[in-house]
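See structure below.
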Amino acid sequence: MSILKDLSQRFGDAFVAAGIDRSAGLVVPSQRPELAQYQCNGALAAAKRAGRNPRDLAQAVLDGLTDRAIYASLDVAGPGFINIVVTNEYLASQAQAMEDGDRCGIDAPDPKRKVLVDYGGPNMSKSMHVGHLRASIIGESLKRLFRVAGHEVAGDIHMGDWGMPIGQLIIELERRHPGLPYFDADFTGPYPEDSPVTLDDLSEMYPVVVERCRNEPEEAERARQATFDLQNGRPGYLALWRHYHDVSVAEQKKDFEELGVEFDLWRGESTVHDRLAPLVDRLMNDDDLAFESDGAIVVQVERDDDKTEMPPLLLTRSDGSYLYSTTDLATLDQRVEEGYDLVLYVVDARQGLHFEQVFRAARLAGIAPESVGLEHTAFGTVNNPDGTPFKTREGGVLRLADLMKIVTDAARSRLDEAEIAQDYPDDERDRIARQVGLGALKFGDLSNHRTSNYIFDLDRFTAFEGKTGPYLQYGAVRIKSILRRAREEGLTPGPIVAPTVDQERGLILRLLLLPEIIERAVEVKAPNVLTEYAYEVATDFNRFYEACHILREEDPIRQASWLSLVDLTLRVLTLLLDTLGIEVPERM
RNA sequence: GCCCUCGUAGCUCAGGGGAUAGAGCACCGGUUUCCUAAACCGGGUGUCGCAAGUUCGAUUCUUGCCGAGGGCGCCA
Numbered sequence: 345m346s347i348l349k350d351l352s353q354r355f356g357d358a359f360v361a362a363g364i365d366r367s368a369g370l371v372v373p374s375q376r377p378e379l380a381q382y383q384c385n386g387a388l389a390a391a392k393r394a395g396r397n398p399r400d401l402a403q404a405v406l407d408g409l410t411d412r413a414i415y416a417s418l419d420v421a422g423p424g425f426i427n428i429v430v431t432n433e434y435l436a437s438q439a440q441a442m443e444d445g446d447r448c449g450i451d452a453p454d455p456k457r458k459v460l461v462d463y464g465g466p467n468m469s470k471s472m473h474v475g476h477l478r479a480s481i482i483g484e485s486l487k488r489l490f491r492v493a494g495h496e497v498a499g500d501i502h503m504g505d506w507g508m509p510i511g512q513l514i515i516e517l518e519r520r521h522p523g524l525p526y527f528d529a530d531f532t533g534p535y536p537e538d539s540p541v542t543l544d545d546l547s548e549m550y551p552v553v554v555e556r557c558r559n560e561p562e563e564a565e566r567a568r569q570a571t572f573d574l575q576n577g578r579p580g581y582l583a584l585w586r587h588y589h590d591v592s593v594a595e596q597k598k599d600f601e602e603l604g605v606e607f608d609l610w611r612g613e614s615t616v617h618d619r620l621a622p623l624v625d626r627l628m629n630d631d632d633l634a635f636e637s638d639g640a641i642v643v644q645v646e647r648d649d650d651k652t653e654m655p656p657l658l659l660t661r662s663d664g665s666y667l668y669s670t671t672d673l674a675t676l677d678q679r680v681e682e683g684y685d686l687v688l689y690v691v692d693a694r695q696g697l698h699f700e701q702v703f704r705a706a707r708l709a710g711i712a713p714e715s716v717g718l719e720h721t722a723f724g725t726v727n728n729p730d731g732t733p734f735k736t737r738e739g740g741v742l743r744l745a746d747l748m749k750i751v752t753d754a755a756r757s758r759l760d761e762a763e764i765a766q767d768y769p770d771d772e773r774d775r776i777a778r779q780v781g782l783g784a785l786k787f788g789d790l791s792n793h794r795t796s797n798y799i800f801d802l803d804r805f806t807a808f809e810g811k812t813g814p815y816l817q818y819g820a821v822r823i824k825s826i827l828r829r830a831r832e833e834g835l836t837p838g839p840i841v842a843p844t845v846d847q848e849r850g851l852i853l854r855l856l857l858l859p860e861i862i863e864r865a866v867e868v869k870a871p872n873v874l875t876e877y878a879y880e881v882a883t884d885f886n887r888f889y890e891a892c893h894i895l896r897e898e899d900p901i902r903q904a905s906w907l908s909l910v911d912l913t914l915r916v917l918t919l920l921l922d923t924l925g926i927e928v929p930e931r932m
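In our numbering, each residue's number is its place in the first sequence (first place is 1) plus 344.
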């Protein structure tokens with residue numbers, strides 16, 4: 345049990361003894377560290393309801409506390425705050441318990457859920473650019489967060505591979521190479537084994553055809569027709585789709601691997617194509633939910649209490665082809681069948697209405713019962729300083745590969761300046777530069793709140809000092825260095841003893857908050873809760889590091905205790921960084 | 001027009017029903033015979049967009065207004 349839960353239970357008991365609900369006993373970290381370590385504000389709210397004086401109630405609670413030996417001081421302050429300072433011995437025992445456990449004090453979740461995180465969602469047609477960065481690293485971080493919290497989690501890339509963009513790419517290739525067998529309806533196969541295009545070709549073709557479809561209605565119509573034909577199994581188009589799919593996946597696997605993003609499931613819209621027709625049929629005939637409207641098939645999802653008009657969800661276009669909505673609904677159907685009871689869609693905030701519609705339809709149709717949590721875990725866009733979506737100075741999008749090179753190069757220059765790194769072998773320098781550059785990039789992005797739009801700032805991603813990823817990596821590296829030297833000198837960690845130095849106590853107090861931080865991050869699904877806390881842990885460690893010279897400490901008991909303390913710190917930091925998708929080098 | 005999100009220090013951003021609203025950057029100064037100075041220490045900034053309401057207490061919750069971004073049936 346975490347220290348906050350332990351204290352809350354003790355205070356809850358005291359409130360109950362005073363005739364108040366135990367929820368009033370909630371203990372939280374003090375907002376005034378110079379006054380106390382922890383505080384309990386329950387008396388203020390409870391006194392009003394009970395018609396009692398808050399200070400008197402607070403005092404009654406203090407009088408009712410049992411096992412008082414763990415407190416160094418207890419005070420009623422101001423209008424009725426309870427300020428709590430615990431003994432150094434109690435802190436040491438809590439830290440020891442954390443060090444002894446294998447999960448850094450993180451309790452098993454109740455209930456344990458089977459979670460699917462849907463993120464990344466690249467189109468088949470585009471190489472990755474900075475726009476994909478947020479979706480990928482926020483999703484990856486949330487997936488890891490839920491796993492660390494003890495849930496069963498799978499991450500699904502959910503590629504956009506069955507909609508209009510494929511139809512567009514089909515007609516674009518036909519325009520360029522009409523003689524290819526894929527376009528000959530009479531061709532009976534077999535189709536060529538080698539792909540007629542590379543991903544670079546697709547990336548180049550896509551914006552061209554999108555632009556043409558926007559300007560020429562007949563082209564848009566052809567793309568729709570091609571999409572319909574593909575979805576209805578036209579062999580040439582399926583064969584071509586397979587090539588598009590394979591070249592995209594091959595490239596994306598490389599890109600995501602380089603980013604440190606690991607999907608458990610490489611599914612996409614196309615995965616559920618067999619389910620689309622039966623689903624629409626079921627909604628029309630069995631459930632009587634879907635109906636024809638202007639030639640399209642729709643589900644009405646509006647409610648009486650809607651403050652605004654809620655457009656219906658489209659299941660098919662008037663030509664019978666399927667849309668994003670259809671595949672999303674069918675995908676959810678599959679996920680529920682597979683037993684997931686929480687589905688997080690880590691998708692751009694601008695798709696909020698779409699998900700509202702899909703979720704409503706899923707509830708109405710019984711595809712997702714209320715017991716299955718559905719959440720659009722939205723994120724904001726990356727903007728230029730003028731508020732427009734981010735573009736490079738040349739007006740194009742910044743490719744992810746180029747951004748990675750920029751941050752890696754910056755990290756390598758920084759490494760070149762470091763005296764200590766002069767004798768590192770080249771391959772290690774490369775690895776460090778990549779880890780540090782990526783660490784700066786990920787931390788820089790994840791430290792913004794998920795939902796807020798933020799301004800793209802290259803300097804932020806190439807800054808390695810202050811509140812940055814490398815600051816955290818550096819703290820971990822320092823600890824690894826200490827532990828390495830300690831091993832060389834034959835020193836071993838020992839029991840954690842009562843802290844005597846302020847910086848030591850501060851570090852322990854910080855580390856003990858980990859379980860609540862994880863809970864909070866899970867609750868709000870926000871990695872920046874972790875970045876904030878990780879920075880505080882690293883800062884408290886650095887202060888401790890400056891104040892207490894572990895390897896020079898003469899008292900062997902204290903030295904052994906400190907070795908355990910920094911070992912625990914390293915475990916916490918590593919856990920946090922790993923959850924953020926940031927690797928820690930051995931040295932830097 | 002309607003709906004959603006946002007508005008916090010010079011800049012970039014956190015925070016959040018409670019006591020004196022924070023951090024990084026930037027600026028000035030200090031720390032290296034000692035475990036990695038990508039570090040540490042010190043120095044000062046705010047009508048928390050505006051106005052009402054709820055509350056013992058609001059920057060936080062509610063409503064309205066102003067401002068920014070986004071969304072609103074056959075794109076994803």
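Ideal Cβ positions, reconstructed from N, Cα and C, are used throughout, including at glycine. Bear in mind the structure is a predicted one, so any value in this text is a computation, not a measurement.
If you reduce the DSSP assignment to three classes, tell me which class arginine 743 lands in. The sequence position of residue 743 within the first sequence is 399, counting from 1. Strand, per DSSP.
Using the C-alpha atoms, what's the distance from arginine 778 back to arginine 887? The residue you call residue 887 lines up with position 543 of the first sequence. The residue you call residue 778 lines up with position 434 of the first sequence. Between arginine 887 and arginine 778, the C-alpha separation is close to 27 angstroms.
Have a look at glutamine 701 and aspartate 630 and give me their C-alpha separation to the nearest angstrom. Translated into the one-based positions of the first sequence, residue 701 becomes position 357. Translated into the one-based positions of the first sequence, residue 630 becomes position 286. The alpha-carbon of glutamine 701 is positioned some 20 angstroms away from that of aspartate 630.
Buried/exposed call for isoleucine 776, threshold 16 Cβ in 10 Å: Locating residue 776 in the first sequence gives position 432, where the first residue counts as 1. That one is buried.
On the DSSP bridge list, what partners appear for tyrosine 415? Taking the first sequence and counting its residues from 1, one reaches residue 415 at position 71. Paired residue(s): Val430.
Please report how far the alpha carbon of alanine 564 lies from the alpha carbon of cysteine 557, in whole angstroms. Taking the first residue of the first sequence as 1, we reach residue 564 at position 220. Taking the first residue of the first sequence as 1, we reach residue 557 at position 213. C-alpha separation (whole angstroms): 4 angstroms.
Enumerate, from N- to C-terminal direction, the unbroken alpha helix (DSSP H) stretches of 4 or more residues contained entirely within the region 525-569. Complete alpha helix (DSSP H) runs here, min 4: 543-559.
Are the region 609-625 and the region 498-507 touching by the rule of at least three beta carbon pairs closer than 8 angstroms? In short, these stretches touch, since the Cβ pair count reaches three.
Closest to glutamate 516 by C-alpha separation, out of Val726, Tyr581, Ser485, His502, would be which residue? Translated into positions along the first sequence, residue 516 becomes position 172. The candidate whose alpha carbon is nearest that of glutamate 516 is Tyr581.
Figure out for me which residue from Asn728, Asp774, Glu763, Tyr768 has the closest Cα to the Cα of lysine 749. Here the question's residue 749 lines up with position 405 in the first sequence. Nearest option by C-alpha distance: Asp774.
Of the residues Phe787, Arg661, Arg931, Leu858, the one placed nearest arginine 447, counting alpha carbons only: Your numbering for residue 447 matches position 103 in the first sequence. It is Leu858 whose Cα lies nearest to the Cα of arginine 447.
Using alpha carbons as the reference points, say which of Met549, Asp544, Glu537 lies closest to arginine 519. By one-based count along the first sequence, residue 519 stands at place 175. Taking only the C-alpha atoms, the option nearest arginine 519 is Met549.
Considering only residues of the same chain and omitting the five flanking positions on each side of asparagine 427, which have a CB-CB separation below 6 angstroms? Translated into positions along the first sequence, residue 427 becomes position 83. Closer than 6 angstroms at Cβ, skipping near neighbours: Leu379, Ala380, Gln383, Asp419, Ala421.
Taking the alpha carbon of alanine 709 as the point to measure from, which residue in Asp625, Gly683, Tyr689 has its own alpha carbon closest? One-based indexing of the first sequence puts residue 709 at position 365. Here the closest residue by C-alpha is Asp625.
According to DSSP, is glutamate 897 helix, strand or coil? Here the question's residue 897 lines up with position 553 in the first sequence. Three-state DSSP puts glutamate 897 in coil, outside helix and strand.
Bridge partners of isoleucine 641, per DSSP? Position 297 of the first sequence, counted from the start, is the residue given in the question as residue 641. Partner(s): Glu636, Thr660.
Excluding the five sequence neighbours on either side, which residues of its own chain have a C-beta within less than 6 angstroms of the C-beta of leucine 667, listed in chain order? Locating residue 667 in the first sequence gives position 323, counting from the first residue. By the criterion of a C-beta distance shorter than 6 angstroms, leucine 667 is surrounded in its chain by Leu658, once the five residues flanking it on both sides are discounted.
Given histidine 617 as reference, the closest of Thr660, Phe635, Asp638, Thr812 once Cα atoms are compared: Stepping through the first sequence from its first residue, residue 617 is reached at position 273. For histidine 617, the nearest C-alpha among the options comes from Thr660.
Locate the alpha helix (DSSP H) running through histidine 476, then write down its first and last residues. Position 132 of the first sequence, counting from 1, holds the residue named residue 476. Note, histidine 476: alpha helix (DSSP H), 474-492.
So, with DSSP's three-state summary, where would you put glutamine 766? Start at 1 with the first residue of the first sequence, and residue 766 comes out as number 422. Coil, per DSSP.
Using only the alpha-carbon positions, how far apart do glutamate 484 and leucine 401 sit? Here residue 484 is taken as the residue at index 140 of the first sequence, counted from 1. Here residue 401 is taken as the residue at index 57 of the first sequence, counted from 1. Leucine 401 has its alpha-carbon roughly 47 angstroms from the corresponding atom of glutamate 484.
In angstroms, rounded to a whole number, what distance separates the CA positions of arginine 679 and valine 643? For this step, residue 679 is matched to residue 335 along the first sequence. For this step, residue 643 is matched to residue 299 along the first sequence. Taking the straight line joining both Cα atoms gives about 20 angstroms.
Threonine 721 vs lysine 598 beta-carbon contact at 8 angstroms: To locate residue 721, count along the first sequence from 1; it is residue 377. To locate residue 598, count along the first sequence from 1; it is residue 254. Cβ atoms of threonine 721 and lysine 598: not closer than 8 angstroms.
Sequence-distant residues of its chain with Cβ nearer than 7 angstroms to proline 579 (five each side left out): Against the first sequence, residue 579 aligns to sequence position 235. So the list reads Gly533, once near-sequence residues are dropped.
May I ask you to report which of helix, strand or coil DSSP gives proline 655? Counting from 1 along the first sequence, the entry for residue 655 is found at position 311. Of the three classes helix, strand and coil, the one that applies to proline 655 here is coil, per DSSP.
Rank Leu603, Leu584, Asp538, Phe531 by C-alpha distance to the C-alpha of isoleucine 510 and give the top, closest one. Numbered from its first residue, the first sequence carries residue 510 at position 166. For isoleucine 510, the nearest C-alpha among the options comes from Leu584.
Mark arginine 586 as exposed unless 16 or more other C-beta atoms lie within 10 angstroms of its C-beta, in which case mark it buried. Taking the first residue of the first sequence as 1, we reach residue 586 at position 242. The residue in question, arginine 586, is exposed, as its Cβ has fewer than 16 Cβ neighbours within 10 Å.
Output yes or no for whether 8 angstroms exceeds the beta carbon distance between phenylalanine 805 and glycine 788. As a first step, residue 805 must be located in the first sequence, where it is residue number 461. As a first step, residue 788 must be located in the first sequence, where it is residue number 444. Yes, they are a contact pair.
Are there 16 or more other CB atoms within 10 angstroms of the CB of arginine 794, so buried, or fewer, so exposed? Here residue 794 refers to the residue found at position 450 of the first sequence. So arginine 794 ends up on the buried side.
If you draw a straight line from the C-alpha of phenylalanine 425 to the C-alpha of alanine 387, how long is it? On the first sequence, residue 425 is found 81 positions in, with the first residue counted as 1. On the first sequence, residue 387 is found 43 positions in, with the first residue counted as 1. Going by C-alpha positions, phenylalanine 425 is about 7 angstroms away from alanine 387.
Could you have a look at valine 726 and say whether DSSP puts it in helix, strand or coil? Counting from one through the first sequence, the residue named residue 726 turns up at place 382. Of the three classes helix, strand and coil, the one that applies to valine 726 here is strand, per DSSP.
Do serine 592 and leucine 524 have their C-beta atoms within less than 8 angstroms of each other? As a first step, residue 592 must be located in the first sequence, where it is residue number 248. As a first step, residue 524 must be located in the first sequence, where it is residue number 180. Not closer than 8 angstroms, so no.
Between Glu613, Ile764, Gly813, which lies nearest to methionine 932 when the distance is taken from Cα to Cα? Locating residue 932 in the first sequence gives position 588, where the first residue counts as 1. Answer by Cα proximity: Ile764.
Name the DSSP bridge partner or partners of aspartate 462? Taking the first sequence and counting its residues from 1, the one referred to as residue 462 is at position 118. DSSP lists Asp500, Tyr689 as partners of aspartate 462.
Rounded to whole angstroms, what's the CA-CA distance from valine 627 to methionine 654? Just pull it up for me. Against the first sequence, residue 627 aligns to sequence position 283. Against the first sequence, residue 654 aligns to sequence position 310. Checking the sequence, you will find leucine at residue 627 rather than valine. C-alpha separation (whole angstroms): 19 angstroms.
Using the rule of at least 16 other Cβ atoms within 10 Å of the residue's Cβ for burial, across every protein chain shown, is glycine 604 buried or exposed? Counting from one through the first sequence, the residue named residue 604 turns up at place 260. Under this definition glycine 604 is a buried residue.
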